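For reference, the structure is listed below as structure tokens.
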Amino acid sequence: MDDRIVKNFDLSSLAEDGNLLQRKLGEKIFLILKKELRKLPKGEVLLLDFRMVKYATSTCLVEILRIFDEARNVEYERKHLLLRLDLRKEDFVDCLNLSIKDRSIVLPAIDGKGRWMLLGELSKALRETLELVREREEVTSGQVGGHFNIPISAASNRLKQLYQLRLISRKEETISESGGWQFIYTPLPDPSQIKVHI
Numbered sequence: 026m027d028d029r030i031v032k033n034f035d036l037s038s039l040a041e042d043g044n045l046l047q048r049k050l051g052e053k054i055f056l057i058l059k060k061e062l063r064k065l066p067k068g069e070v071l072l073l074d075f076r077m078v079k080y081a082t083s084t085c086l087v088e089i090l091r092i093f094d095e096a097r098n099v100e101y102e103r104k105h106l107l108l109r110l111d112l113r114k115e116d117f118v119d120c121l122n123l124s125i126k127d128r129s130i131v132l133p134a135i136d137g138k139g140r141w142m143l144l145g146e147l148s149k150a151l152r153e154t155l156e157l158v159r160e161r162e163e164v165t166s167g168q169v170g171g172h173f174n175i176p177i178s179a180a181s182n183r184l185k186q187l188y189q190l191r192l193i194s195r196k197e198e199t200i201s202e203s204g205g206w207q208f209i210y211t212p213l214p215d216p217s218q219i220k221v222h223i
């Protein structure tokens, strides 16, 4: 079992009658999420739970989703965000996808049953690399280079991009033979397999 913690944040608790409609409300939620992210210990995940939200406008969602840009700052290194959605709420999902497309961002998400998905556009090379990280659970740039038959520098660049997008996690490891160090890249924790704090 993964020892990392997912902290659940129910967005419906801030919605007006279950709806996320106004830009000002989105701005307010962004500021609240920023505080939550700041308090979050490194290596943990803030799960933005939209399952109980009835409806949202793209105006409000665009403001809320700014938190993903914020999370990419060095200050929040090794802190991650994950969306939880109810895919049966098609109007909400359509609005969310539109908000993502307009801003050219990529978001990690799970559905109500905990199944992993990716929202937004990601290049074929990055998508394949992300799938490899998820499949193997732990990789180095050397292993990725070997798997795709590409130079280690290219593999390292792919992993760095995925990490900067906060789609994977990483830790530093000492190489015992040389005394040097390398990054070990791991997928975001699976909320169905780990502790979820409310």
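For what it's worth, the numbering used here labels the leading residue of the sequence shown as 26, then goes sequentially. Beta carbons are placed, not taken as given, at the ideal position from N, Cα and C, and that holds for glycine. This one's a predicted model, so the numbers in the text were calculated from it and none came from an experiment.
Reduced DSSP category for Leu58 - H, G, I as helix; E, B as strand; rest coil:
In this structure, Leu58 counts as helix in the three-state DSSP scheme.
Can you tell me the Cα-Cα spacing of Leu147 and Val131, whole angstroms?
7 Å
Which whole runs of the beta strand (DSSP E) in the stretch 36 to 119 are 3 residues long or more, in chain order?
70 to 74, 105 to 110
So, Leu36 versus Met77, is the Cβ gap smaller than 9 Å?
yes
Kindly confirm or deny that the stretch 99 to 108 and the stretch 61 to 76 touch, where touching means at least three C-beta pairs closer than 8 Å.
yes
C-beta contact flag for Leu86 and Leu58 at 9 Å
Cβ atoms of Leu86 and Leu58: not closer than 9 Å.
Taking Ser124 and Leu90 to be in contact with their CB atoms under 8 Å, please state how far apart those CB atoms are, rounded to whole angstroms.
6 Å
Cβ neighbour criterion (16 or more within 10 Å) applied to Ser166
By the neighbour-count rule (16 or more Cβ atoms within 10 Å), Ser166 is buried.
Which residue comes first and which comes last in the alpha helix (DSSP H) that contains Thr154?
Looking at the DSSP string, the run of the alpha helix (DSSP H) that includes Thr154 is 149 to 161.
Which residue marks the beginning of the beta strand (DSSP E) containing Arg195, and which one marks its end?
193 to 199
Distance check for Leu110 and Arg183, CA to CA, integer angstroms please.
27 Å
Below 7 Å CB to CB, which residues in the same chain sit around His172 once its five sequence neighbours on both sides are set aside?
The beta carbon of His172 sits closer than 7 Å to those of Leu157, all from its chain and outside the five residues before and after it, given in chain order.
Distance check for Leu39 and Phe229, CA to CA, integer angstroms please.
Past the edges of the chain, shown from 26 to 223, lies residue 229, and the structure says nothing about it.
What does the alpha-carbon distance come out to for the pair Phe14 and Glu52?
Since the displayed the chain opens at 26 and closes at 223, residue 14 lies outside it and no answer follows.
Given Ile193, which residues of its chain have a CB within under 8 Å of its CB, disregarding the five upstream and five downstream residues?
Leu155, Val158, Leu184, Leu187, Tyr210, Thr211, Pro212, Leu213
Contact set for Trp206: own chain, Cβ-Cβ below 7 Å, skip 5 residues either direction:
Excluding sequence neighbours, Trp206 sits near Glu197, Glu198, Thr199, Ile200.
CB-CB length for Ala96 against Arg195, believed under 8 Å
So it is not a contact: roughly 15 Å between Cβ atoms.
On a Cα-Cα basis, can you pick out the residue from Ala179, Val31, Asp119 that is closest to Thr82?
The shortest C-alpha separation from Thr82 is found at Asp119.
From Lys79, Lys138, Leu143, Asn98, residue whose alpha carbon lies closest to that of Glu115
Answer by Cα proximity: Lys79.
Express the C-alpha separation of Gly170 and Ala180 in angstroms, rounding to a whole number.
Between the C-alpha atoms of Ala180 and Gly170 there is a straight-line separation of about 5 Å.
Restricting to Cα atoms, I'd like to know which of Gln168, Glu202, Thr84 is closest to Arg48.
Thr84
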